[in-house]
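S.K.: For reference, the structure I am asking about is given below.
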Amino acid sequence: MGLRFFLVLLGIWVIYLVFRRTVQQRQSRGAKHKELPAVDVVCCHRCGTHLPAPDALELDGRYFCCPEHRDDGNGPANRTE
Ligand SMILES: [Zn+2]
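Mapping the sequence shown onto numbering that gives the first Met the number 0, position 29 (from 1) lands on 28, and the numbers just tick up by one.
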């Protein structure tokens with residue numbers, strides 16, 4: 000009776016340790032996720048390419064992936080410079 004009671008306690012303790020480790024791993028993984036800066040993704044008004052807002056070129060509230068597309072959206076497509 001005493002040994003069986005001890006084994007049950009041991010089992011509960013092991014389950015508790017495994018459960019606690021799983022929770023800690025999940026929390027540390029979540030913390031790593033939070034370290035990533037939240038960056039808005041915007042869509043190029045000309046070609047539809049998705050890119051981070053800091054890398055995009057903004058003009059009149061519209062976003063573009065490169066100077067060529069920004070200039071194309073602003074005037075004739077076949078202008079030369
Ligand atoms: Zn583009």
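Positions of the beta carbon are idealized from the N, C-alpha and C atoms, including for glycine. Source: prediction; values computed, not measured.
On the criterion of 16 or more Cβ atoms from any shown chain inside 10 Å, does V40 qualify as buried, or is it exposed?
M.R.: Locating residue 40 in the sequence shown gives position 41, counting from the first residue. The residue is exposed, with fewer than 16 neighbouring Cβ atoms inside 10 Å.
S.K.: Could you compute how far the alpha carbon of P66 sits from the alpha carbon of V38?
M.R.: Sequence index remark: in the sequence shown, residue 66 carries index 67 (1-based). Sequence index remark: in the sequence shown, residue 38 carries index 39 (1-based). If I take the Cα positions, the gap works out to 21 Å.
S.K.: Between the alpha carbons of L16 and P51, how many angstroms are there, rounded?
M.R.: Sequence index remark: in the sequence shown, residue 16 carries index 17 (1-based). Sequence index remark: in the sequence shown, residue 51 carries index 52 (1-based). Each residue's alpha carbon lies about 42 Å from the other.
S.K.: Would you mind giving the Cβ-Cβ distance between C46 and H68, rounded to the nearest angstrom? I have them listed as a contact below 8 Å.
M.R.: Indexing the sequence shown from 1 puts residue 46 at position 47. Indexing the sequence shown from 1 puts residue 68 at position 69. Rounded, the Cβ-Cβ distance is 6 Å, consistent with contact.
S.K.: In angstroms with no decimal places, state the Cα-to-Cα distance between L9 and T21.
M.R.: On the sequence shown, position 10 is the one that residue 9 refers to. On the sequence shown, position 22 is the one that residue 21 refers to. The straight-line gap from Cα to Cα measures roughly 18 Å.
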